[in-house]
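Have a look at the structure below before the remarks.
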Amino acid sequence: MTGLPENHRQDRPTPDADPDETAPLPLRGRIGDAAASGYWPAPGRYRLHVSLSCPDCLGLAVIHRLRGLDAVVDLCELPDPPAPDGHYPQLGAAYRASAHGYAGPFTAPLLEDGWTGRGVSNQLPEIGRDLARRFGHDGPELYPEWAAPRIAAIEELCAHGINEPAQRAGLPAPAPDRAAALRRLLANLAELEHRLRAHRFVLGEELTAADVQVFATLLWLDLVHRWHLDADAVHEIAGYRALWSYARRLLELPAFHTDLRADRVERRHHQGCRGSEDAGAAVRIIDWSRHRVAAAPRKR
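The sequence shown begins at 5 in the working numbering and counts up one residue at a time.
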């Protein structure tokens with residue numbers, strides 16, 4: 005999904021730390037469609053661990069609900085991390101089972117193989133693709149073949165065309181590229197605005213994984229990046245009416261709001277944030293908490 009903005013990462017190494025000791029272990033296993041893949045889509049085999057204080061993890065929870073996977077893949081909700089470093093000690097056993105001598109960090113999301121206790125993947129886009137393609141037949145086809153390159157392009161747009169410039173636009177003044185970053189951010193939001201004036205969803209008239217990606221990105225923009233932008237910038241961002249109307253439409257769907265915990269997203273950001281607050285913090289674009297659903301508790 006979007007990936008945490010660089011200056012808001014809660015797992016960044018300290019300047020004098022050894023990068024090899026602080027970098028998360030990359031797990032890149034994929035769920036195939038046959039036993040020869042090593043990981044095949046057996047119902048009840050996998051556990052998906054997510055933190056609902058992270059919008060990227062929320063995106064995976066949305067995919068899980070859209071595809072009706074409750075009976076085939078356990079979705080396990082992690083409590084908020086005990087410290088703002090974003091690490092989860094309860095995932096230590098799965099990480100250590102995946103790499104001899106690995107001592108952390110233990111990050112979420114994590115797709116775990118319940119049969120072996122090993123971590124399969126902690127890569128956001130790949131987990132989402134495998135959940136949607138390999139399990140379940142309910143709900144929208146989130147990754148249709150025709151849309152694969154377009155979804156990849158939207159993922160790139162969100163990561164490097166929205167999150168990255170939003171981060172830079174929120175650097176303390178007088179950062180030299182702050183104004184240029186804001187122009188780039190607004191131009192990419194304008195591209196999405198243009199799409200959504202013509203179509204109901206980002207890629208046309210069908211809901212796809214691109215919409216889940218954009219939803220998580222807009223959530224980041226309003227609940228995290230907004231705190232470091234000036235008021236004029238936030239008013240400009242809020243001026244893309246088709247884009248934010250689209251976000252509100254998605255928010256009406258149970259799959260998008262049932263697991264959304266806006267207060268936890270903001271609290272986690274404030275615990276780990278190193279930046280300074282700006283006037284845009286007072287300009288809320290969407291009330292992300294308008295739907296408070298007493299959902300059945302996720303497994304822990």
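All C-beta atoms in this analysis are idealised placements derived from N, C-alpha and C, irrespective of residue type, glycine included. Predicted model only: the values in this text are computed from it and were never measured.
Integer-rounded CB distance, given that residue j should sit under 8 Å from residue i
{"i": "A110", "j": "L128", "result": "Reading off the sequence shown, one finds Phe at residue 110, where the question assumed Ala. Actually they do not touch by this definition, with Cβ atoms about 16 Å apart."}
{"i": "R172", "j": "A185", "result": "4 Å"}
{"i": "G132", "j": "A213", "result": "6 Å"}
{"i": "L193", "j": "I158", "result": "13 Å between Cβ atoms; not a contact."}
{"i": "Y50", "j": "G118", "result": "6 Å"}
{"i": "F219", "j": "A251", "result": "6 Å"}
{"i": "A170", "j": "H229", "result": "4 Å"}
{"i": "L247", "j": "L196", "result": "5 Å"}
Those residues which DSSP pairs with residue i across a bridge
{"i": "G123", "result": "E116"}
{"i": "F110", "result": "The partner list for F110 (beta bridge, DSSP) is empty, contrary to what the question assumes."}
{"i": "G208", "result": "F205"}
Nearest candidate by alpha-carbon position, reference residue i, set the options
{"i": "R272", "options": "A183, G121, H91, D215", "result": "H91"}
{"i": "A285", "options": "G42, H274, R294", "result": "H274"}
{"i": "H198", "options": "D142, A112, R245, L257", "result": "R245"}
{"i": "G388", "options": "R34, L29, P28, D78", "result": "With the chain covering 5 to 304 only, the question about residue 388 has no answer from this structure."}
{"i": "G123", "options": "A40, Y99, R137", "result": "Y99"}
{"i": "H203", "options": "L225, D236, W231, S249", "result": "S249"}
{"i": "E270", "options": "V218, G132, S293", "result": "S293"}
{"i": "A101", "options": "R268, S125, L82, E81", "result": "S125"}
{"i": "H141", "options": "L29, I290, D74", "result": "D74"}
{"i": "Y43", "options": "L62, A65, V287, L135", "result": "L135"}
{"i": "A38", "options": "Y106, R253, R138", "result": "R138"}
{"i": "L255", "options": "A27, P30, G63, S41", "result": "G63"}
{"i": "L211", "options": "I289, S280, R154, L29", "result": "R154"}
{"i": "R187", "options": "E240, H232, D215", "result": "E240"}
{"i": "L233", "options": "V287, H261, L196", "result": "V287"}
{"i": "D263", "options": "I67, L29, G36", "result": "I67"}
{"i": "L257", "options": "R268, A156, H295", "result": "H295"}
{"i": "A266", "options": "Q217, R230, L223", "result": "L223"}
{"i": "A283", "options": "V238, E81, H261, G243", "result": "V238"}
{"i": "P28", "options": "A107, E168, E130", "result": "A107"}
{"i": "G36", "options": "R69, S57, E130", "result": "E130"}
Buried/exposed call for residue i, threshold 16 Cβ in 10 Å
{"i": "H164", "result": "exposed"}
{"i": "H104", "result": "exposed"}
{"i": "E149", "result": "exposed"}
{"i": "T120", "result": "exposed"}
{"i": "A299", "result": "For A299, the predicted structure reports a pLDDT of 49, less than 50, and the residue's modelled location is therefore unreliable. A value from the coordinates is still provided. By the 10 Å Cβ count, A299 comes out exposed."}
{"i": "D60", "result": "buried"}
{"i": "H53", "result": "buried"}
{"i": "P83", "result": "exposed"}
{"i": "R32", "result": "exposed"}
{"i": "E160", "result": "exposed"}
{"i": "P113", "result": "buried"}
{"i": "D291", "result": "exposed"}
{"i": "S41", "result": "exposed"}
{"i": "E116", "result": "buried"}
{"i": "A177", "result": "exposed"}
{"i": "P85", "result": "buried"}
{"i": "D226", "result": "buried"}
{"i": "S280", "result": "exposed"}
{"i": "R71", "result": "buried"}
{"i": "T221", "result": "buried"}
{"i": "D236", "result": "exposed"}
{"i": "P30", "result": "exposed"}
{"i": "P93", "result": "exposed"}
{"i": "A152", "result": "exposed"}
{"i": "D215", "result": "buried"}
Residue i beta carbon near the ligand GTP (any heavy atom closer than 7 Å)
{"i": "G165", "result": "Ligands are entirely absent from the displayed structure, and the ligand GTP is therefore not among its contents."}
3 or more residues per run - each beta strand (DSSP E) lying fully within the region 126-190: none
Alpha helix (DSSP H) segments (min. 4 residues) lying fully within the region 30-92: 59-70
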